[in-house]
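Student:
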Amino acid sequence: MDAKNTTVVVGMSGGVDSSVVAYLLKKQGYNTIGLFMNNWEEKDDSGCCTSADDYADVRRVASKIGIPYYSINFAKEYQDKVFSEFLAEYKAGRTPNPDVLCNREIKFGPFLNFAKSIGADKIATGHYCRVEEKEGLFYLKKAKDQNKDQTYFLNQLNQSQLSMVMFPIGEETKPTIRKIAIEQDFSTATKKDSTGICFIGERKFKEFLKNYIPASTGNIVDKRTNEILWHHDGVMYYTLGQRKGLGIGGRNVGTGESWFVVDKDVKNNILYVTQGEGSELYSSACVVNSLNWIPRIPTEKTFDCFAKFRYRQLEQAVSVHINDDGSANVIFKEKQRAVTPGQYAVFYSTGHDDYNGYCLGGGVIDKVIF
RNA sequence: UGGGGUGUAGCCAAGCGGUAAGGCACACGAUUUUGAUUCGUGCAUGCGUUGGUUCAAAUCCAGCCACCCCAG
38 MDAKNTTVVV GMSGGVDSSV VAYLLKKQGY NTIGLFMNNW EEKDDSGCCT SADDYADVRR
98 VASKIGIPYY SINFAKEYQD KVFSEFLAEY KAGRTPNPDV LCNREIKFGP FLNFAKSIGA
158 DKIATGHYCR VEEKEGLFYL KKAKDQNKDQ TYFLNQLNQS QLSMVMFPIG EETKPTIRKI
218 AIEQDFSTAT KKDSTGICFI GERKFKEFLK NYIPASTGNI VDKRTNEILW HHDGVMYYTL
278 GQRKGLGIGG RNVGTGESWF VVDKDVKNNI LYVTQGEGSE LYSSACVVNS LNWIPRIPTE
338 KTFDCFAKFR YRQLEQAVSV HINDDGSANV IFKEKQRAVT PGQYAVFYST GHDDYNGYCL
398 GGGVIDKVIF
């Protein structure tokens with residue numbers, strides 16, 4: 038690819054990673070354009086509009102590098118394609134992952150289209166992962182920095198989306214990126230990594246959800262004894278495996294260990310818990326739908342691979358069977374803790390000890406089998 | 001009313017004369033582009049209350065209060 042004749046639009050968030058991406062591309066000679074997105078127009082918990090600060094950082098960094106930059110607003114698309122689904126899932130008692138959708142529906146949707154419309158040959162983002170082209174197919178490869186690997190969030194990307202993207206920092210490690218940013222004296226160099234839902238940011242989660250999903254008091258019940266232990270303010274505010282926020286204190290029976298959410302009965306508004314790391318927390322298989330396969334549907338209906346059931350979990354050995362309806366049964370070699378409907382099961386060709394593996398795609402966990 | 005028992009942080013709970021363990025909950029922080037998990041730190045100048053004994057009392061003694069159980 039001839040860098041000089043290639044226009045790359047970089048999604049700049051105002052963080053270190055995308056700052057360095059823009060810098061590296063420019064340095065390599067690409068015709069580089071920075072594009073900032075503002076997809077959430079509400080103020081944060083402390084009443085600050087963080088996106089304004091982020092855009093200020095984008096301006097500073099882009100100016101320093103010497104590239105043009107723009108800002109665009111996809112708040113409506115975010116609302117329609119990501120946030121509404123997010124709420125619908127929570128209302129159904131599941132635990133969605135909005136950031137996976139955000140990638141598929143926004144960054145690799147309207148953002149990509151807009152980039153094309155202003156002449157982009159490629160887009161680039163600050164994700165820690167790699168894309169590899171072999172025989173006309175695009176593979177999503179794990180990041181070299183295993184600790185930061187973000188392929189989990191990109192499991193829903195299709196071939197046409199992957200064909201358009203560059204991940205310039207996938208071959209680097211986070212410390213290296215920080216070092217480059219410091220050397221270049223970017224205002225983002227020592228900025229804390231952003232967390233929380235992409236574009237929405239860190240929130241007191243339950244309070245945030247309460248703005249959209251009304252509270253509904255119900256009982257917290259011991260799954261083993263059926264005893265009512267305490268009360269909750271809405272089953273949808275809790276997720277499986279959760280410990281914090283239950284408010285169940287000491288009791289004169291039991292082991293004195295913490296209590297964890299193990300089941301939710303949305304219809305009857307009951308939150309089931311057990312004390313300690315009990316077997317109720319560990320499942321042996323799950324059914325996954327909304328599957329996307331990278332680079333294409335596996336030729337074998339049944340195969341062994343590795344999987345993560347949530348971000349930052351180490352890859353686990355599993356056996357996958359693709360059903361005729363397109364869903365898949367995933368059988369765990371070892372029991373897994375708190376596998377939760379609504380989250381994504383993401384497949385990998387290698388375990389956690391080999392970062393030269395590929396993300397094979399993934400789908401939404403629909404049912405969990407104990 | 002008589003007899004017995006118990007009163008230690010929001011909840012459990014050690015301590016049994018020597019200057020308040022621990023767990024759960026909670027708060028904050030670290031980690032984290034979901035939600036969680038995990039990790040770290042904090043959390044009773046005071047042990048129902050009032051007196052007494054003692055160099056020293058949550059611990060011993062007495063009165064009072066509250067709650068529980070058994071009798072009536």
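Heads up, the numbering used here is the position in the first sequence plus 37, with the first residue counted as 1.
Just so you know, even glycine gets a beta-carbon here, dropped at the ideal spot from N, CA and C.
1) If C414 sits next to G207, beta carbons under 8 Å apart, how far is it from one beta carbon to the other, in whole angstroms?
2) Can you check which of these residues, A218, K211, M203, G293, is closest to K101 by C-alpha distance?
3) So, using beta-carbon positions, are V46 and I155 closer together than 8 Å?
4) For N150, count neighbouring C-beta atoms within 10 Å of its own C-beta (all shown protein chains included) and say buried if the count is 16 or more, exposed if not.
5) If contacts are defined as beta-carbon pairs under 8 Å, then S56 and V98 qualify, I think. What distance do you get, rounded to the angstrom?
6) What do you reckon, are the CB atoms on I409 and L124 nearer than 8 Å?
7) In terms of DSSP beta bridges, what is M203 paired with?
8) Is it the case that the region 349-363 contacts the region 286-301, given that we only count it when at least three CB pairs across the two stretches are under 8 Å?
9) How far does the beta strand (DSSP E) with S356 in it reach, from first residue to last?
10) Between A322, D341, C396, which has its C-alpha nearest N366's C-alpha?
11) Compute the Euclidean distance between the alpha carbons of L277 and G130, then round it to the nearest angstrom.
12) Closest to F148 by C-alpha separation, out of Y189, F369, N75, T213, would be which residue?
13) Could you check which residue in M201, G146, A152, Q183 has the C-alpha nearest to that of E169?
14) Going by C-alpha distance, which of V383, V53, L62 is nearest E220?
15) Can you name the residues that DSSP bridges to C342?
16) With DSSP collapsed to three states, give me the class of T336.
17) Which residues does DSSP pair with L308 in a beta bridge?
18) Find out if the Cβ-Cβ distance for the pair Y392, K185 is shorter than 8 Å.
19) Report back the beta-carbon spacing between Y176 and P332 to the nearest angstrom; my notes put them in contact at under 8 Å.
20) Does the beta-carbon of R141 have 16 or more other beta-carbons within 10 angstroms, so that it is buried, or is it exposed?
21) First and last residue of the alpha helix (DSSP H) that includes S327?
22) Going by DSSP in three states, C396 sits in which element: helix, strand or coil?
23) Find out if the Cβ-Cβ distance for the pair I104, K63 is shorter than 8 Å.
24) Would you mind working out which of T262, V401, L246, Y385 sits nearest G271, comparing C-alpha positions?
25) Does DSSP put D90 in a helix, in a strand, or in coil?
26) Could you tell me which uninterrupted beta strand (DSSP E) segments, each at least 3 residues in length, are contained entirely in the region 107-190, listed from first to last along the chain?
27) Going by DSSP, name the residue or residues bridged to I265.
28) Considering T44, what are the terminal residues of the alpha helix (DSSP H) in which it resides?
29) Using 10 angstroms around the beta-carbon of F242, count the other beta-carbons present and answer buried if the total reaches 16, otherwise exposed.
30) Among L283, F340, G48, which one has its Cα closest to the Cα of L266?
31) Can you tell me where the beta strand (DSSP E) with A375 in it begins and where it stops?
32) Look at the alpha carbon of E264 and the alpha carbon of V258, and state the distance between them as a whole number of angstroms.
33) Tell me the DSSP secondary structure of K95 in three-state form.
34) DSSP three-state label for I234, please.
35) Helix, strand or coil: which one does DSSP assign to Y249?
36) How is T69 classed by DSSP in three states: helix, strand or coil?
Tutor: Taking the structure as given:
1) Since the displayed the chain opens at 38 and closes at 407, residue 414 lies outside it and no answer follows.
2) The residue you call residue 101 lines up with position 64 of the first sequence. When only C-alpha atoms are compared, the closest one is A218.
3) Counting from one through the first sequence, the residue named residue 46 turns up at place 9. Counting from one through the first sequence, the residue named residue 155 turns up at place 118. Yes.
4) In the first sequence, counting from the first residue as 1, residue 150 sits at position 113. It counts as exposed.
5) On the first sequence, position 19 is the one that residue 56 refers to. On the first sequence, position 61 is the one that residue 98 refers to. Indeed, because the Cβ distance is near 4 Å, the residues count as touching under 8 Å.
6) Outside the displayed range of the chain (38 to 407) lies residue 409, so it cannot be described from this structure.
7) Looking up residue 203 in the first sequence gives position 166. Beta-bridge pairing links M203 to A161.
8) no
9) Within the first sequence, numbered from 1, the residue matching residue 356 stands at position 319. Taken as a continuous stretch (DSSP letters only), the beta strand (DSSP E) holding S356 covers 353-359.
10) Locating residue 366 in the first sequence gives position 329, where the first residue counts as 1. Nearest option by C-alpha distance: A322.
11) Within the first sequence, the letter at position 240 stands for residue 277. Within the first sequence, the letter at position 93 stands for residue 130. Straight-line Cα distance between these residues: approximately 10 Å.
12) For the purposes of this step, residue 148 is taken as residue 111 along the first sequence, with counting starting at 1. Comparing Cα positions, the closest option is N75.
13) Locating residue 169 in the first sequence gives position 132, where the first residue counts as 1. Nearest option by C-alpha distance: M201.
14) Position 183 of the first sequence, counted from the first residue, corresponds to residue 220. Nearest C-alpha to E220: V53.
15) Taking the first residue of the first sequence as position 1, residue 342 is located at position 305. V355, per the DSSP bridge assignment.
16) As a position in the first sequence, residue 336 is number 299, starting the count at 1. Correct three-state label for T336: coil.
17) Start at 1 with the first residue of the first sequence, and residue 308 comes out as number 271. Answer by DSSP bridge pairing, in chain order: I257, K301.
18) Sequence index remark: in the first sequence, residue 392 carries index 355 (1-based). Sequence index remark: in the first sequence, residue 185 carries index 148 (1-based). Cβ atoms of Y392 and K185: not closer than 8 Å.
19) Working through the first sequence from its first residue, we reach residue 176 at position 139. Working through the first sequence from its first residue, we reach residue 332 at position 295. Confirmed, about 5 Å.
20) Residue numbering aside, residue 141 sits at position 104 when the first sequence is read from its first letter. Result: buried.
21) Position 290 of the first sequence, counting from 1, holds the residue named residue 327. It is not in any alpha helix (DSSP H) - S327 instead sits in the beta strand (DSSP E) that spans 319-330.
22) Walking along the first sequence from the start, residue 396 turns up at place 359. C396: strand per DSSP, three-state reduction.
23) For the purposes of this step, residue 104 is taken as residue 67 along the first sequence, with counting starting at 1. For the purposes of this step, residue 63 is taken as residue 26 along the first sequence, with counting starting at 1. Result yes, Cβ atoms of I104 and K63 sit closer than 8 Å.
24) Residue 271 sits at position 234 when you count from the first residue of the first sequence. Checked all of T262, V401, L246, Y385; the closest Cα to G271 is L246.
25) Position 53 of the first sequence, counting from 1, holds the residue named residue 90. Helix, per DSSP.
26) 159-161, 167-171, 174-178
27) Position 228 of the first sequence, counted from the start, is the residue given in the question as residue 265. DSSP, once it has assigned bridges, lists V258 as partnering I265.
28) Position 7 of the first sequence, counted from the start, is the residue given in the question as residue 44. No alpha helix (DSSP H) holds T44; the beta strand (DSSP E) holding it covers 44-48.
29) Taking the first residue of the first sequence as position 1, residue 242 is located at position 205. Exposed, by the Cβ-count rule.
30) Along the first sequence, read from residue 1 onward, the residue named residue 266 stands at position 229. The shortest C-alpha separation from L266 is found at L283.
31) Within the first sequence, numbered from 1, the residue matching residue 375 stands at position 338. It is not in any beta strand (DSSP E) - A375 carries neither H nor E in the DSSP assignment.
32) Taking the first residue of the first sequence as position 1, residue 264 is located at position 227. Taking the first residue of the first sequence as position 1, residue 258 is located at position 221. Rounded to whole angstroms, E264 to V258 spans 6 Å at the Cα level.
33) Taking the first sequence and counting its residues from 1, one reaches residue 95 at position 58. The residue you asked about is not Lys; residue 95 is Val in the sequence shown. V95: helix per DSSP, three-state reduction.
34) Counted from its first residue, the first sequence places residue 234 at position 197. I234: strand per DSSP, three-state reduction.
35) One-based indexing of the first sequence puts residue 249 at position 212. Correct three-state label for Y249: coil.
36) Numbered from 1 along the first sequence, position 32 holds the residue referred to as residue 69. Of the three classes helix, strand and coil, the one that applies to T69 here is strand, per DSSP.
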